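Respectively, the protein sequence lines represent chains A and B. Its first residue numbered 3, the first sequence is counted upward by one per residue in my numbering. Its first residue numbered 3, the second sequence is counted upward by one per residue in my numbering. Notes for the one structure printed next.
2 protein chains.
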Amino acid sequence: MQNLIENLKEYLDPVNDGQLRSVLDELSAAEIAEIWDNFSNEESLRIFALIQQDKRSDLISELHIYEQEHLIRELSEGITKTLLNGMEPDNLVDLIQSVSPELRSAVWEQLSEETRRETTFLLRFDEDDAAGIMTPRYAAILGGITVAQALKFIRKTMDEMETIYYLYVVDKLKRLNGVVSLKDILRANDSDRIEDIMIRKVIYVHDDTDQEESARVLENHGLLALPVVDRFNRLLGIITFDDVIDVIREEQTEDIYKMGAMGGNTNSYLETSSWGLVKKRIPWLIILLVAGTITTNVLHLYQDLLLAAAFLTLFIPVITQTGGNSGTQSSTLMIRGLATGELHFRDIGKVMLKEIIVGLFLGITTGVVILTRAYFTPPGIEFLPAIAIAISLCSVVIFATVLGAFVPMLIHKIGFDPTVAAGPLMSTVIDVCGLTIFFEVSKRILTL
Amino acid sequence: MQNLIENLKEYLDPVNDGQLRSVLDELSAAEIAEIWDNFSNEESLRIFALIQQDKRSDLISELHIYEQEHLIRELSEGITKTLLNGMEPDNLVDLIQSVSPELRSAVWEQLSEETRRETTFLLRFDEDDAAGIMTPRYAAILGGITVAQALKFIRKTMDEMETIYYLYVVDKLKRLNGVVSLKDILRANDSDRIEDIMIRKVIYVHDDTDQEESARVLENHGLLALPVVDRFNRLLGIITFDDVIDVIREEQTEDIYKMGAMGGNTNSYLETSSWGLVKKRIPWLIILLVAGTITTNVLHLYQDLLLAAAFLTLFIPVITQTGGNSGTQSSTLMIRGLATGELHFRDIGKVMLKEIIVGLFLGITTGVVILTRAYFTPPGIEFLPAIAIAISLCSVVIFATVLGAFVPMLIHKIGFDPTVAAGPLMSTVIDVCGLTIFFEVSKRILTL
């Protein structure tokens with residue numbers, strides 16, 4: 003890729019427009035978008051001018067919002083007009099929703115009557131619902147026509163459709179009655195009527211179905227496209243498999259953010275203002291901080307013990323951190339298993355048994371490691387204290403491993419998303435409980 | 003879904019075979035697989051018997067390995083034969099690679115000559131490579147034939163193909179020369195020759211291309227299927243969009259495991275033995291423990307300070323935890339941005355500036371919170387000490403926020419996967435540095 007960028011940079015010399023063009027012709031819109039931010043504003047305008055007409059609208063859909071805004075501002079009105087009206091309607095809606103208000107009206111003015119109608123229709127829906135990712139460019143036919151007529155219809159309209167591999171069969175009120183794949187059509191005879199060969203049990207979603215759930219439906223049925231209907235069963239649009247891949251990627255980002263103790267949207271980092279980042283990060287940071295201050299009280303409670311056995315203080319961070327890590331490992335496994343539908347609350351017996359065995363092993367191993375480290379290396383503590391530390395750590399790890407598995411299952415059972423319970427929140431809970439276990443176990447071993 | 007399971011359970015009474023069958027007929031193989039483990043071994047055999055023949059092979063592909071083994075063991079030989087030979091070749095290969103050795107030979111004996119040949123071919127490849135997820139059931143034609151001949155060929159062979167929407171054009175040595183979509187074929191005239199209408203610049207991957215990279219290629223080009231060729235450009239098979247969705251889901255699990263400080267495979271939790279789980283968890287747990295013990299030395303170094311100002315001890319866990327959280331937030335944002343290709347090392351200036359601003363804000367806010375908490379609520383410390391704690395926490399959070407962003411970018415730059423640097427490893431590094439900052443700042447404010 004680095005090579006490609008260098009090649010392009012080299013050809014940006016005016017004499018090489020031809021070569022630049024031929025390199026660009028080889029690349030898909032998505033590939034050009036991926037390297038787009040390697041070029042200066044001026045360079046990117048030069049490149050844009052050399053890209054084939056029909057690839058430009060796809061390219062702009064793939065760019066970040068500030069790059070989109072730059073292009074719209076800088077390009078001549080004629081070019082923007084073709085560009086915007088050539089975009090897939092769902093991508094155009096995304097763009098309109100993201101650009102700054104003053105640019106929005108400029109964009110709107112350049113849309114054709116037809117595009118405006120499509121856009122207005124799509125803007126009615128929530129962007130997180132099934133309808134928010136659908137395209138109205140589906141192929142719909144009436145059930146009464148013949149296979150030959152359907153084929154003729156496909157041939158005539160295919161350039162406007164997002165996919166022609168599924169034809170949706172509707173009645174005069176646009177209610178979805180069936181579906182027929184291009185495969186079924188090729189298999190049938192020219193004179194067969196569509197309603198005799200169509201599948202009547204259509205897999206569909208409603209306009210307000212959550213987009214992640216819609217993604218699962220398409221995925222579970224291995225479909226190329228999924229129809230979206232309103233509550234009167236009228237066909238509104240279709241979701242295609244590439245939209246579903248986008249949804250899965252976004253879901254992935256969301257989950258990773260939650261594990262990193264962040265909420266809110268999954269907008270791109272560079273596009274989010276510093277204030278936006280703060281808003282995303284501060285709520286969990288404060289919640290965890292306040293919860294974490296309980297450790298202050300725990301330590302206060304054991305102040306006498308800490309005075310009597312000062313070496314215990316040295317191990318506070320390593321005990322809490324290791325407890326947190328082992329708890330996070332368990333909760334991560336649970337969260338993932340619950341999310342993919344592999345684990346259910348009824349598996350809790352099996353899970354607990356497994357985690358106890360795993361916890362025992364992890365506890366003993368980490369105990370041996372800390373014993374060796376504490377006894378043999380600086381600062382070096384005596385044998386009995388080292389044993390106390392080792393047994394405490396072992397207990398904390400066993401406890402954390404089991405708790406880390408139990409809590410997400412419980413949270414999921416009562417109907418919440420367990421992802422927030424993983425990572426940071428789990429570490430905080432384990433800090434509090436772990437310190438108590440640490441001090442109680444040490445106290446007994448050291449008979450203080 | 004719970005409803006569905008209850009319905010099925012109710013119909014499992016022998017008199018209701020008819021109703022059970024009609025419920026099952028409505029469900030896709032994936033949907034049945036999702037609820038499969040709600041039924042006892044005996045129940046699941048009864049249900050299996052009522053499922054339509056052509057859905058059975060899809061169902062078994064979707065099940066967990068222990069459920070697959072159970073079915074293969076319990077079903078009559080005749081049924082297993084049809085079942086196994088009816089599976090998609092790539093799914094069959096996955097099954098053969100997962101079942102226990104003694105069952106493997108039983109499975110092998112029931113395969114037809116044709117299936118064996120296909121399976122042997124696929125078993126040659128690494129399961130993590132492009133070839134590991136491809137199917138050999140693609141539609142290939144010679145460039146010299148006409149559109150009419152191609153259509154006739156599609157009609158004749160479509161039931162054996164995974165997709166007929168792309169036809170791959172090969173020469174006599176099976177070298178990939180072009181591709182033509184069914185759409186292009188419908189657009190063309192019957193007498194046109196395929197090689198005149200085909201696209202010659204085919205997007206393809208090699209058999210040893212990483213499967214995640216192959217997924218990106220299909221995704222970036224919005225393709226339904228992606229051809230896989232060997233180093234002589236001979237067509238070996240195709241990867242379809244549903245395989246790509248599986249790869250993305252698996253990638254998602256892998257990333258989440260890494261953030262939870264676990265390595266190794268992403269096999270299902272229930273299918274992994276306790277020993278397997280230990281192997282997955284122990285390496286990082288020990289590495290982090292050993293790295294974390296550096297905090298012992300830091301604390302030892304500041305023992306005199308801790309004696310002089312004992313209240314500092316009370317805040318050790320909350321300082322390290324909050325530092326860890328803010329660092330993890332930054333590193334999570336970086337890791338995700340680097341993974342999706344939005345961020346690059348050259349953005350480091352912009353990123354650092356942003357993180358410094360964000361860090362300042364987060365630091366001041368958390369400082370105010372801890373000041374309030376420490377001064378006004380039990381155990382309650384005096385004002386100057388509380389100020390010292392607040393300013394220390396503020397410094398630690400600023401430091402952690404900036405470091406948390408810097409380290410993943412650096413690790414990515416030198417060519418490693420930054421995911422391991424997020425979460426746990428970041429927390430450990432921040433523990434060590436954070437404690438030092440905490441003590442140094444407090445020492446100065448308290449003039450000790």
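Glycine residues also receive a C-beta, built at the ideal position from the N, C-alpha and C atoms. All values derive from a computational prediction rather than experimental measurement.
Looking at residue i: is its Cβ nearer than 8 angstroms to the Cβ of residue j?
i	j	result
Ile241/B	Ala132/B	yes
Leu309/B	Thr298/A	no
Glu34/A	Ile53/A	The question names Glu, but residue 34/A in the sequence shown is Ile. Yes, these two residues count as a Cβ contact at 8 angstroms.
Ile372/A	Val404/A	no
Val280/A	Phe363/B	yes
Val398/B	Gly294/B	no
Leu307/A	Leu450/A	yes
Thr322/A	Pro319/B	yes
Ala534/B	Lys11/B	An answer regarding residue 534/B cannot be provided, because it is not within the stretch 3 to 450 covered by chain B.
Leu125/A	Pro138/A	no
Thr121/B	Val95/B	yes
Ala150/B	Ser114/B	no
Could you pull out every residue in the same chain whose Cβ sits closer than 7 angstroms to the Cβ of residue i, ignoring the five residues on either side in sequence?
i	result
Asn5/A	none
Thr82/B	Ile74 and Gln112
Lys260/A	Thr421 and Val422
Val2/A	Nothing about residue 2/A can be read from this structure; chain A reaches only from 3 to 450.
Phe441/B	Tyr304 and Leu307
Pro91/A	Glu120, Thr121, Leu124, Thr137, Pro138 and Arg139
Thr211/B	Asp131 and Ala132
The alpha helix (DSSP H) spanning residue i covers which residue range?
i	result
Pro2/B	Here chain B covers residues 3 to 450 and nothing more, so residue 2/B does not appear.
Ala390/B	Phe385 to Lys415
Ile358/A	Ile350 to Phe378
Leu22/B	Asp19 to Glu28
Ile296/B	Ile296 to Leu303
Gly425/A	Gly425 to Ile447
Ser63/B	Gln55 to Glu64
Val109/B	Pro103 to Glu111
If you drop the 5 nearest sequence neighbours on each side, which residues of the same chain put their C-beta closer than 6 angstroms to that of residue i?
i	result
Tyr206/B	Pro229 and Val231
Ile337/B	Pro410, Pro420, Thr421 and Ala424
Ile49/A	none
Pro381/B	none
Ser429/B	Gly326
So, at 8 angstroms on beta carbons, what are the nonlocal neighbours of residue i in its own chain, with the 5 sequence-adjacent residues on each side left out?
i	result
Leu178/A	Tyr170, Val171, Val172, Val204, Tyr206, Pro229, Val231, Asn235, Arg236 and Leu237
Ser46/A	Trp38, Glu69, His72 and Leu73
Could you give the residue range of the beta strand (DSSP E) that holds residue i?
i	result
Leu169/A	Tyr168 to Val172
Gly145/B	Unbroken run through Gly145/B: none, as it is neither H nor E.
Val231/A	Ala227 to Val231
Between the alpha carbons of residue i and residue j, how many angstroms are there, rounded?
i	j	result
Ile400/B	Gly369/B	11 angstroms
Arg283/B	Gly262/B	9 angstroms
Ile289/B	Cys435/A	23 angstroms
Gly361/A	Glu162/A	59 angstroms
Met136/B	Ile250/B	15 angstroms
Arg118/A	Trp110/A	8 angstroms
Ser63/A	Asp244/A	13 angstroms
His223/B	Glu252/B	21 angstroms
Thr342/B	Glu215/B	12 angstroms
Thr274/B	Glu129/B	19 angstroms
Ile350/B	Gly406/B	12 angstroms
Ile98/B	Ala108/B	10 angstroms
Asn18/A	Val25/A	11 angstroms
Leu85/B	Leu22/A	54 angstroms
Arg189/A	Lys154/B	10 angstroms
Leu301/A	Leu437/A	8 angstroms
Looking at chain E, is there any beta carbon in it that lies within less than 8 angstroms of the beta carbon of residue i?
i	result
Asn299/A	Going by chain labels, chain E is absent from the structure shown, which instead holds the protein chains A and B.
Checklist entry - Looking at chain A, which residues of the segment 301-320 of chain B have a Cβ within less than 7 angstroms of any of its Cβ atoms? => result Leu301, His302, Leu308, Thr315, Leu316, Phe317, Ile318, Pro319 and Val320
Item to check | Under 8 angstroms (Cβ pairs) to chain B, residues found in the segment 221-247 of chain A | outcome: Glu221, Asn222, His223, Gly224, Leu226, Phe243, Asp244, Val246 and Ile247
Checklist entry - At a Cβ cut of 8 angstroms, what residues of the segment 189-203 of chain B count as close to chain A, listed as they run along the chain? => result Arg189 and Lys203
Checklist entry - Which of the residues in the segment 250-264 of chain B, read from start to end, lie with their CB under 9 angstroms from any CB of chain A? => result Ile250, Arg251, Glu253, Gln254, Thr255, Asp257, Ile258, Tyr259, Met261, Gly262, Ala263 and Met264
Item to check | the segment 266-284 of chain B: positions lying closer than 7 angstroms to chain A by Cβ | outcome: Ser270, Tyr271, Leu272, Ser276, Leu279, Val280, Arg283 and Ile284
Item to check | Interface residues of the segment 430-448 of chain A facing chain B [CB-CB below 8 angstroms] | outcome: Thr430, Asp433 and Leu437
Next on the checklist: If the cut-off is 7 angstroms on Cβ atoms, which residues from the segment 12-27 of chain A count as contacting chain B, listed in chain order?
Outcome noted: none
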